[in-house]
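Working notes for the structure below.
Number of protein chains: 2
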Amino acid sequence: MGVIRNTKSVQLVTEFFNSTKEAIGVVDLVEKFSEQMNKSTIYRILDRLEDEGKVHAFLGVNGLKHYAKCKDCSHTEHVDVHPHFQCTSCGKVECVSYEISIPKLPNKNIAQAQLLLTGTCERCTS
Amino acid sequence: MGVIRNTKSVQLVTEFFNSTKEAIGVVDLVEKFSEQMNKSTIYRILDRLEDEGKVHAFLGVNGLKHYAKCKDCSHTEHVDVHPHFQCTSCGKVECVSYEISIPKLPNKNIAQAQLLLTGTCERCTS
DNA sequence: TTTTTAATGCAACTCAGTTGCAAAAATAAA
DNA sequence: TTTATTTTTGCAACTGAGTTGCATTAAAAA
């Protein structure tokens, strides 16, 4: 497993994630960088960044893949235990700093919990 | 909005959901009934049953649509506040009877919470 | 500067889910 | 029951997210 190469495309994507705390859907990212790089390239870069723990992935309400770099990321290995919030009005998606309490289920071994909260964000809640 | 018609296909799908407490992915359901009915028919029947509150829908770990009929269903209007569990070993998916505690977020209005638990089920946890 | 290895672009593909439309089956009306 | 009305179905074609093989290009190592 070689080190991730510092290509122009990798720099662009990395810079983007450093510039925002919000999460972004891959589709939007592909659109955003459509002039700069290929769709496949984005998917592959995101895979690599996730492997490295630089960003973390999760699914939005529609089942679309989203990525974000939050302060939990790059704690050596990212364990995704925080919820995500998606605004049904403006579409904004973000990580929520809140530790999920994982319910104990008899005779089951729960390894992971994914909590997705939907509603209206501060801007859209008038 | 007319009443849902009692066709052969609707009966089959309904009977299936009455026969199990487990959830099932649409893809699996399409496969299961591939001899009896068309893919589109299944998708449309599930839409209707969901509208009627007879079953409820949610997304599995892979983002694939799943349906289940649990005791919460058909309480007039189904509010999906219970978590779902997906076994990473045998693939079984089921509803979990456990009320999610929805975190309050400052200035946000949270309308819904979707919690997906993954791990190993009683049978696969040796 | 050359060699090695990883990353990219592209086009073609997979697979879940959707849609338009004509034909068939339910229900309602007569 | 028979006819008229409305919903449902099958089919085939489509959409859109995500993947893949492969030749070319660009990084990093030698």
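Protein sequence lines correspond, in order, to chains C and F. Counting from 1 along the first sequence, just add 2 to a position and that's the residue number in the numbering used here. Counting from 1 along the second sequence, just add 2 to a position and that's the residue number in the numbering used here. Beta carbons: idealized from backbone N, C-alpha and C, even for Gly. Computed from a predicted structure; not experimentally measured.
On a Cα-Cα basis, can you pick out the residue from S21/F, V28/F, L61/F that is closest to R45/F? The residue you call residue 45/F lines up with position 43 of the second sequence. Per the sequence presented here, residue 45/F reads as Tyr, with Arg not at that position. A check of alpha carbon separations from Y45/F across S21/F, V28/F, L61/F identifies V28/F as the nearest.
Check whether the Cβ of A115/F lies closer than 9 Å to any Cβ atom in chain C. Taking the first residue of the second sequence as 1, we reach residue 115/F at position 113. It does; some Cβ of chain C falls within 9 Å.
Given C123/F as reference, the closest of C72/C, K106/C, E101/C, A70/C once Cα atoms are compared: The residue you call residue 123/F lines up with position 121 of the second sequence. Nearest C-alpha to C123/F: K106/C.
Could you name the residues of chain F that L48/C contacts, counting a contact when the two beta carbons are closer than 7 Å? Numbered from its first residue, the first sequence carries residue 48/C at position 46. The contacting residues do not exist; L48/C stays about 15 Å from chain F at best.
Under 9 Å Cβ-Cβ, which residues of chain C neighbour S103/F? In the second sequence, residue 103/F corresponds to position 101, counting from 1. Ordered by position in chain C, the residues that pass the 9 Å Cβ test against S103/F are S103.
Checking contacts by CB at 9 Å: is L31/C closer than that to chain F? On the first sequence, position 29 is the one that residue 31/C refers to. No, L31/C lies away from the interface with chain F (no Cβ there is under 9 Å from its Cβ).
So which residues on chain F does G121/C lean against when the C-beta distance must stay under 8 Å? Counted from its first residue, the first sequence places residue 121/C at position 119. K110, N111, I112, A113, Q114, listed in chain order.
Same chain, Cβ closer than 6 Å to L48/F, five either side skipped, listed in chain order: Here residue 48/F refers to the residue found at position 46 of the second sequence. Counting only Cβ-Cβ distances below 6 Å, and skipping sequence neighbours, we find Y69.
What do you get for A113/F, buried or exposed, if any count of 16 or more other CB atoms within 10 angstroms of its CB means buried? In the second sequence, the residue the question calls residue 113/F occupies position 111. It counts as exposed.
If you reduce the DSSP assignment to three classes, tell me which class I26/F lands in. Counted from its first residue, the second sequence places residue 26/F at position 24. In the structure shown, I26/F sits in a strand (DSSP, three-state: E or B).
In angstroms with no decimal places, state the Cα-to-Cα distance between K41/C and V32/C. What you label residue 41/C is simply residue 39 of the first sequence in a count that begins at 1. What you label residue 32/C is simply residue 30 of the first sequence in a count that begins at 1. Their backbone Cα atoms lie some 6 Å apart in a straight line.
If you draw a straight line from the C-alpha of L66/C to the C-alpha of E101/C, how long is it? By one-based count along the first sequence, residue 66/C stands at place 64. By one-based count along the first sequence, residue 101/C stands at place 99. Going by the C-alpha atoms only, they are around 23 Å apart.
Counted within 10 angstroms of its Cβ, other Cβ atoms place Q13/F as buried (16 or more) or exposed: Within the second sequence, residue 13/F is the residue found at index 11, counting from 1. Burial call: exposed.
Between F127/F and chain C, is any beta-carbon pair separated by less than 9 Å? Numbered from its first residue, the second sequence carries residue 127/F at position 125. It is Thr, not Phe, that sits at residue 127/F in the sequence shown. Output row for T127/F: interface = yes.
Could you list which residues in chain F have their beta carbon closer than 8 Å to that of V98/C, in chain order? Position 96 of the first sequence, counted from the start, is the residue given in the question as residue 98/C. Close to V98/C, with beta-carbon spacing below 8 Å, are these residues of chain F in chain order: P105, L107.
Chain F contact for L51/C (CB, 9 Å cutoff): Counted from its first residue, the first sequence places residue 51/C at position 49. With 9 Å as the cut-off, L51/C does not count as an interface residue toward chain F.
Taking the CB atoms as reference points, tell me whether K34/F and C97/F lie closer together than 9 Å. Position 32 of the second sequence, counted from the start, is the residue given in the question as residue 34/F. Position 95 of the second sequence, counted from the start, is the residue given in the question as residue 97/F. For K34/F and C97/F, no; Cβs fall outside 9 Å.
May I ask which residues mark the beginning and end of the alpha helix (DSSP H) holding F19/C? Here the question's residue 19/C lines up with position 17 in the first sequence. Where F19/C is concerned, the enclosing alpha helix (DSSP H) stretches over 10 to 21.
Does DSSP classify H80/C as helix, strand or coil? Within the first sequence, the letter at position 78 stands for residue 80/C. For H80/C, the predicted structure reports a pLDDT of 44, less than 50, and the residue's modelled location is therefore unreliable. A value from the coordinates is still provided. Reduced to three states, the DSSP call for H80/C is coil.
Taking 9 Å as the CB-CB cut-off, is V63/F touching chain C? What you label residue 63/F is simply residue 61 of the second sequence in a count that begins at 1. Among the residues facing chain C, V63/F is included, as its CB has a counterpart in that chain under 9 Å away.
In the DSSP output, which residue or residues are listed as bridge partners for I112/F? In the second sequence, residue 112/F corresponds to position 110, counting from 1. In DSSP, I112/F forms a bridge with G121/C.
Per DSSP, which residues does K41/C bridge with? Please list them. Taking the first sequence and counting its residues from 1, one reaches residue 41/C at position 39. Paired residues: none, contrary to the question.
Here's the rule I'm using: 16 or more other beta-carbon atoms within 10 Å means buried, otherwise exposed. How should K71/C be labelled? Numbered from its first residue, the first sequence carries residue 71/C at position 69. With 16 or more Cβ atoms within 10 Å of its Cβ, K71/C is classed as buried.
Any beta carbon from chain F within less than 9 Å of K67/C's own beta carbon? Here the question's residue 67/C lines up with position 65 in the first sequence. It does: the Cβ of K67/C has a partner Cβ on chain F nearer than 9 Å.
Who are the neighbours of F87/C on chain F, taking C-beta pairs under 9 Å? On the first sequence, residue 87/C is found 85 positions in, with the first residue counted as 1. Under the 9 Å cutoff, chain F gives L107, K110, I112.
Contact defined as beta carbons within less than 8 Å: I believe T43/C pairs with S91/C. What is the distance between those atoms, to the nearest angstrom? Here residue 43/C refers to the residue found at position 41 when the first sequence is read from its first residue. Here residue 91/C refers to the residue found at position 89 when the first sequence is read from its first residue. Not a contact, Cβ separation roughly 32 Å.
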